[in-house]
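Q: Structure below; questions to follow.
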Amino acid sequence: APDEVEGVIPGVMNMTSAQLEAVEGDLTSINTTFFYLHVTMSVNAVSIVAKFFKAFQANPRLRLVTDTLVRAAEDIAHFSIVFLAVFLAFAVLGHISFGSDLVQFSSFSRSINTAFIVLMGEFGWYVTVTNSTVGLDSGMPVAIVVLWFWTYMIFVLLIMLNMLLAIVLEHYTVLQEQVRDQHDAQPVWKQAKQFVQRAKATKGFVPLFDLLCKLEDKSGPAHPDIKVTKESVMKAFPEMKREQAEWLMDWLTREAALRMLEHEEDEHIVLLKELEALFEGLAEEQRVIGLSVTSCNEKLSRLKVPSSVQDSCSGDLRAKKEILQLALAPPTRGQLVMQLAAQAETLKELLSTATALTARLDAMAPSTQPLPVALKELTQDVAAIKSRVDRLTVTTALSTSRSGEMRPQRATSREVPLCFVLND
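If you count the sequence shown from 1, position 372 lands on 377 in the working numbering, and the numbers rise without skipping.
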């Protein structure tokens, strides 16, 4: 029509108020629907990212990030309490000090936002304030702004954020060492190559998920027997080809071998812990033997005192009386026998510990091929300790028998030097 103008519908101005309210309601409904569309698409994007992280669980190297965050969650939670306390303190201080002069600190929420943006490296307002020759309108010295900025950057950025990074890296390093020791921790490209090869090799086979569902069927499992063979698998699944049964048995054999290897490694770790405990007991028993030998030497040296007393008639009277008392009270035969018997018992325990340690090392040696050099040296050291303990046991037994036959010398009044009697 000639009266139509581009972009204008004829007769719009002739619409009633009811019609305009209906149009407004429709536009509001469209706006609300569009908002929910945005929310739905955002949730969909988040779910897609979550599925990526779920897929990362298939590779130990890819799930390092999520495992690190889960492992460090407790430490990060405690650190966050301290970090938030310091962060909010600086935000409140900035709002109180510069809120009337800088729009970035005009409210508490803006102060928090500004403090966070500063950590990300955006602080153009600070450059503007420090380069200005006029200063702040409220009369607040620019030096206070500089002091706040420098203190905030040092404590929060340089110290606390680096502490957070250290916490995360510590757990990441531990998990990375564990992943390196795993047999199935392959790079993602090797895993992808194996996936393609498996897909080609299993083309036309019955899906493994279908087999799993039939095996886990509680009402009637497809393969109730414990022993699995190619014939039993083909009997349990009639639609399975012989090629798939052979491939499945080879795959199960390899998986069983890997699990046995991991189980052997766990047994080796247990054996090493037992060896550590045995060595600790060995060190403690050697310490007890050393104390016992020292005590025996001290008591045996006291038996030699009377012979030296004969030549020491001069000197201080108090020292002479102490020597006389020592000479008159030497260790008895029973004391020496008891001491040597205790030492012999300790040596027996030490010998049994060394024997158990040798047995453990002999048990570990056949399963560890080739035998590590450190384990060979350890076995040789234990054998040397055992031979020394055997010789020490024989020596202690001989000393015990001799001490039983020994009659200790008793000091009488005739054996006491004359100078001691006169001085007393």
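Heads up, the beta-carbon is just placed ideally off N, CA and C, and yes, glycines get one too. Nothing here was measured: the structure is a model prediction, and the numbers come from that model.
Using the beta-carbon count (16 or more within 10 Å), is leucine 180 buried or exposed?
A: Buried, because 16 or more other Cβ atoms sit within 10 Å of the Cβ of leucine 180.
Q: Say whether the region 115-126 touches the region 69-80, bearing in mind that this needs 3 or more beta-carbon pairs closer than 8 Å, one atom from each stretch.
A: The region 115-126 is not in contact with the region 69-80.
Q: The alpha helix (DSSP H) that contains glutamine 109, what's its start and end?
A: Looking at the DSSP string, glutamine 109 is not in any alpha helix (DSSP H), and its letter there is neither H nor E.
Q: Below 9 Å between beta carbons: does that hold for phenylalanine 88 and glycine 99?
A: No, the Cβ-Cβ distance between phenylalanine 88 and glycine 99 is not below 9 Å.
Q: Tell me the rounded alpha-carbon separation between valine 293 and leucine 174.
A: Answer to the nearest angstrom: the Cα atoms are 44 Å apart.
Q: For alanine 171 and methionine 165, I'd like the C-alpha separation in whole angstroms.
A: Computed Cα separation, rounded: 10 Å.
Q: Are three or more beta carbon pairs between the region 137-149 and the region 35-47 nearer than 8 Å?
A: Touching, no.
Q: Drop a sphere of 10 angstroms on the beta-carbon of leucine 216, count the other beta-carbons inside from all chains shown, and report buried for 16 or more, exposed for fewer.
A: So leucine 216 counts as buried.
Q: Near leucine 69, what residues of its chain come up, given a Cβ to Cβ distance below 8 Å and the 5 sequence neighbours on each side ignored?
A: Once the five neighbours on either side are set aside, the close Cβ partners of leucine 69 are Tyr177, Leu180, Gln181 and Val184.
Q: How many Å lie between lysine 4 and leucine 257 at the Cα?
A: Because residue 4 is not part of the residues shown, which for the chain are 6 to 429, the question remains open.
Q: Taking the alpha-carbon positions, what's the serine 237 to histidine 228 distance?
A: C-alpha separation (whole angstroms): 8 Å.
Q: Smallest Cα separation from alanine 250: which of Leu93, Glu26, Phe160 and Thr234?
A: For alanine 250, the nearest C-alpha among the options comes from Thr234.
Q: Taking the CB atoms as reference points, tell me whether lysine 219 and proline 226 lie closer together than 9 Å.
A: A contact, by the Cβ cut-off of 9 Å.
Q: In terms of residue numbering, what span does the alpha helix (DSSP H) encompassing asparagine 36 cover?
A: 22-61 is the extent of the alpha helix (DSSP H) around asparagine 36.
Q: For glutamate 420, which residues of its own chain have a beta-carbon under 6 Å away from its beta-carbon, when the five flanking residues on both sides are left out?
A: Bear in mind that a pLDDT of 38 at glutamate 420, under 50, signals an unreliable position, so the model cannot answer this.
Q: Taking the CB atoms as reference points, tell me whether valine 132 and phenylalanine 113 lie closer together than 9 Å.
A: No, these two residues do not count as a Cβ contact at 9 Å.
Q: Cutting at 6 Å between CB atoms, please list the residues of its own chain near threonine 296, excluding the five before and the five after it.
A: First, the amino acid is wrong: residue 296 is leucine here, not threonine. Excluding positions up to five away in sequence, the list is empty.
Q: From alanine 332 to threonine 299, what does the alpha carbon distance come to, in whole angstroms?
A: The predicted model places alanine 332 with a pLDDT of 47, which falls under 50 and marks its position as unreliable, so this point remains unresolved.
Q: For threonine 417, which residues in the same chain have their Cβ closer than 7 Å to its Cβ, ignoring the five residues on either side in sequence?
A: Caution is warranted here: a pLDDT of 40 is assigned to threonine 417, below 50, making its placement in the model unreliable, and the coordinate value is therefore given only provisionally. Contacts found: none.
Q: Using alpha carbons as the reference points, say which of Val51, Gly209, Trp194 and Leu162 lies closest to proline 65.
A: When each option's Cα is compared against that of proline 65, the closest is Trp194.
Q: Please confirm whether threonine 161 and phenylalanine 103 have their CB atoms less than 9 Å apart.
A: A small fix is needed here, since residue 161 is valine in this sequence, not threonine. Result no, Cβ atoms of valine 161 and phenylalanine 103 do not sit closer than 9 Å.
Q: Check lysine 223 in the structure and name its three-state DSSP category.
A: Coil at lysine 223, not helix or strand.
Q: Quick one: residues in its chain with C-beta nearer than 7 Å to the C-beta of phenylalanine 58, no 5 flanking neighbours on either side, listed in chain order?
A: Taken in chain order, the residues that qualify are Thr71.
Q: Mind checking whether aspartate 189 and leucine 263 have CB atoms under 9 Å apart?
A: A contact, by the Cβ cut-off of 9 Å.
Q: Which ranges would you report for the alpha helix (DSSP H) in the region 170-216 if only whole runs of at least 4 residues count?
A: For the region 170-216, whole alpha helix (DSSP H) runs of length 4 or above, ordered along the chain, are 193-206.
Q: Helix, strand or coil, according to DSSP, for histidine 228 in the structure here?
A: Coil.
Q: Please confirm whether phenylalanine 84 and leucine 169 have their CB atoms less than 9 Å apart.
A: Their beta carbons are under 9 Å apart, which means phenylalanine 84 touches leucine 169 by this criterion.
Q: Using a 10 Å radius around the Cβ and a threshold of 16 neighbouring Cβ atoms, would you call phenylalanine 95 buried or exposed?
A: So phenylalanine 95 counts as buried.
Q: Return the first residue and the last residue of the alpha helix (DSSP H) that arginine 76 is part of.
A: Its alpha helix (DSSP H) spans residues 69-76.
Q: Going by beta-carbon coordinates alone, are threonine 119 and tryptophan 130 separated by less than 9 Å?
A: The answer is yes: Cβ separation under 9 Å.
Q: Would serine 116 be called buried (16 or more neighbouring beta carbons within 10 Å of its own) or exposed?
A: Under this definition serine 116 is a buried residue.
Q: Just the Cα atoms here: how many angstroms apart are aspartate 222 and valine 211?
A: So the alpha carbons of these two residues sit roughly 17 Å apart.
Q: How would you label phenylalanine 200, buried or exposed, when you count the other beta carbons within 10 angstroms and need 16 or more for buried?
A: Looking at its Cβ environment, which holds fewer than 16 other Cβ atoms inside 10 Å, phenylalanine 200 is exposed.
Q: In the structure shown, what three-state DSSP assignment does glutamate 79 receive?
A: The answer is helix: DSSP assigns glutamate 79 an H, G or I state.
Q: Tell whether a beta-carbon distance below 9 Å holds between methionine 254 and methionine 245.
A: Contact: no.
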